[in-house]
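Presented below is the structure to which this report refers.
Residue numbers (this note's numbering): 161 to 563.
Next up, the structure:
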């Protein structure tokens, strides 16, 4: 589950991680009031306006049809008002959103951290995630933080450092000091960085994050270390331990069909193909998608209905798949282990009857317990549904449907 920047920063503050202070708002009037508060607190006329969407590249991104950037420095309340009007309610297109973009419903009015002081400022990069090949958490960091970190990773990977931590233990003091040393920090900034990294790792573990990225990790002119931006992904499997975090989910930032599928406990991921598929079991779903590609089609989705498929889940799966105008055929591939094939067939027939006229080919491949009985039910139903028992038969029917 993804969180917005302003939500992630509030959570980090609970772990004593210093962040760039800000106020999230959803109206122009609220933006003006937030600016006044930030100006009073900092004594600085400058403030940063940040579009809040679940995507990176906001600083380089633009509001659709304009030159308005997604992250802007404002110098006055007039600037704040104009920028808020230009961003709120409009579509922001970044390198990560693609041409579809995302509607901006909130903006963050944040303090300016580039204030003058005795020392030069510095933009760094740090992220924590799971290294599945090593079975350990890994802290990835670089002295080259900022908007071009992807280019740094691509062109100069030697500038990316890594520090592994056993998930059963904690970040050791020498590891935090090593990170601060590799950042080239000294004195008060070094000490502050050690505290920052230690507390950040505690937040990563305590919040059950799957990924936590700070970019830029910022050294101010007075040697403070703060998180200027934060991208936080939470492990959905651990949300049962965090009811407060589950309540922070913003479904407006997610694909509507994926949200609907979740309401029926369906595992659904939308893709760009032309063959919708409904399968029970993730492994069989992956194999089915491979078979669709080998047959000349492209999977339009990943949909795992689980081991207890019934008429309700089948009907919900149909409705979700058919919302995609690119789908030219639907393949239902069920292995009857836990669930009997004849019950799934009855569910398909019932769902078909409720949905009415379906104008695209439906191919049903049922194998396992009572597969023969299931095929008979499908064949005698009078519906425009093609049945198969072998995977090769289903593949041939898919090929014919998308030809």
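For glycine and all other residues, C-beta sits at the position ideal for the given N, C-alpha and C.
Remember, it's a predicted structure, so these values are computed and weren't measured experimentally.
Following the continuous beta strand (DSSP E) through residue i, name the residue where it begins and the one where it ends.
{"i": "residue 323", "result": "321 to 325"}
{"i": "residue 527", "result": "522 to 528"}
{"i": "residue 547", "result": "545 to 548"}
{"i": "residue 378", "result": "369 to 379"}
{"i": "residue 495", "result": "489 to 496"}
{"i": "residue 435", "result": "435 to 439"}
Within 10 angstroms of its Cβ, does residue i collect 16 or more other Cβ (buried), or is it exposed?
{"i": "residue 196", "result": "exposed"}
{"i": "residue 292", "result": "exposed"}
{"i": "residue 523", "result": "buried"}
{"i": "residue 519", "result": "exposed"}
{"i": "residue 392", "result": "buried"}
{"i": "residue 401", "result": "exposed"}
{"i": "residue 527", "result": "buried"}
{"i": "residue 346", "result": "exposed"}
{"i": "residue 515", "result": "exposed"}
{"i": "residue 255", "result": "exposed"}
{"i": "residue 294", "result": "exposed"}
{"i": "residue 164", "result": "buried"}
{"i": "residue 472", "result": "exposed"}
{"i": "residue 226", "result": "exposed"}
{"i": "residue 270", "result": "buried"}
Starting from residue i, trace the alpha helix (DSSP H) in both directions and tell me its first and last residue.
{"i": "residue 416", "result": "416 to 423"}
{"i": "residue 453", "result": "442 to 454"}
{"i": "residue 198", "result": "188 to 202"}
{"i": "residue 558", "result": "551 to 562"}
{"i": "residue 180", "result": "Looking at the DSSP string, residue 180 is not in any alpha helix (DSSP H), and its letter there is neither H nor E."}
{"i": "residue 157", "result": "Nothing can be reported for residue 157, as the shown portion of the chain is limited to 161 through 563."}
{"i": "residue 537", "result": "531 to 539"}
{"i": "residue 338", "result": "333 to 342"}
{"i": "residue 386", "result": "Per DSSP, residue 386 belongs to no alpha helix (DSSP H); it is in the beta strand (DSSP E), 385 to 387."}
{"i": "residue 509", "result": "501 to 515"}
{"i": "residue 310", "result": "309 to 315"}
{"i": "residue 404", "result": "403 to 406"}
{"i": "residue 237", "result": "237 to 247"}
Excluding the 5 residues flanking residue i on each side, which residues of the same chain have their C-beta closer than 6 Å to its C-beta?
{"i": "residue 201", "result": "none"}
{"i": "residue 427", "result": "464"}
{"i": "residue 266", "result": "184, 186, 212"}
{"i": "residue 282", "result": "379"}
Going along the chain, which residues of its own chain have a beta-carbon closer than 7 Å to the beta-carbon of residue i, five neighbours each way excluded?
{"i": "residue 354", "result": "336, 337, 340"}
{"i": "residue 166", "result": "182, 184, 212, 268"}
{"i": "residue 457", "result": "433, 434, 435, 558, 562"}
{"i": "residue 531", "result": "496, 501, 549"}
Look up residue i in the DSSP assignment and give the residues it is bridged to.
{"i": "residue 427", "result": "464"}
{"i": "residue 291", "result": "296"}
{"i": "residue 232", "result": "209"}
{"i": "residue 394", "result": "369"}
{"i": "residue 162", "result": "393"}
{"i": "residue 564", "result": "Nothing about residue 564 can be read from this structure; the chain reaches only from 161 to 563."}
{"i": "residue 185", "result": "267"}
{"i": "residue 174", "result": "Residue 174 pairs with nothing; no bridge assigned."}
{"i": "residue 262", "result": "252"}
{"i": "residue 459", "result": "435"}
{"i": "residue 223", "result": "252"}
By Cβ distance below 8 Å, which residues in the same chain neighbour residue i in space, the five residues on each side in sequence not counted?
{"i": "residue 409", "result": "161"}
{"i": "residue 237", "result": "192, 195, 196"}
{"i": "residue 415", "result": "430"}
{"i": "residue 319", "result": "302, 303, 304, 312"}
{"i": "residue 177", "result": "356, 359, 360, 363, 387"}
{"i": "residue 259", "result": "253"}
{"i": "residue 486", "result": "432, 433, 434, 460"}
Between residue i and residue j, is the Cβ-Cβ spacing less than 8 Å?
{"i": "residue 180", "j": "residue 385", "result": "no"}
{"i": "residue 137", "j": "residue 375", "result": "The structure shown has nothing for residue 137, since the chain only spans 161 to 563."}
{"i": "residue 537", "j": "residue 509", "result": "yes"}
{"i": "residue 284", "j": "residue 360", "result": "no"}
{"i": "residue 529", "j": "residue 477", "result": "no"}
{"i": "residue 481", "j": "residue 439", "result": "no"}
{"i": "residue 240", "j": "residue 215", "result": "no"}
{"i": "residue 512", "j": "residue 543", "result": "yes"}
{"i": "residue 279", "j": "residue 235", "result": "no"}
{"i": "residue 276", "j": "residue 381", "result": "yes"}
{"i": "residue 460", "j": "residue 484", "result": "yes"}
{"i": "residue 373", "j": "residue 287", "result": "yes"}
{"i": "residue 448", "j": "residue 405", "result": "no"}
{"i": "residue 367", "j": "residue 171", "result": "yes"}
{"i": "residue 248", "j": "residue 264", "result": "yes"}
{"i": "residue 233", "j": "residue 210", "result": "no"}
{"i": "residue 298", "j": "residue 244", "result": "no"}
{"i": "residue 262", "j": "residue 413", "result": "yes"}
{"i": "residue 454", "j": "residue 555", "result": "yes"}
{"i": "residue 352", "j": "residue 383", "result": "yes"}
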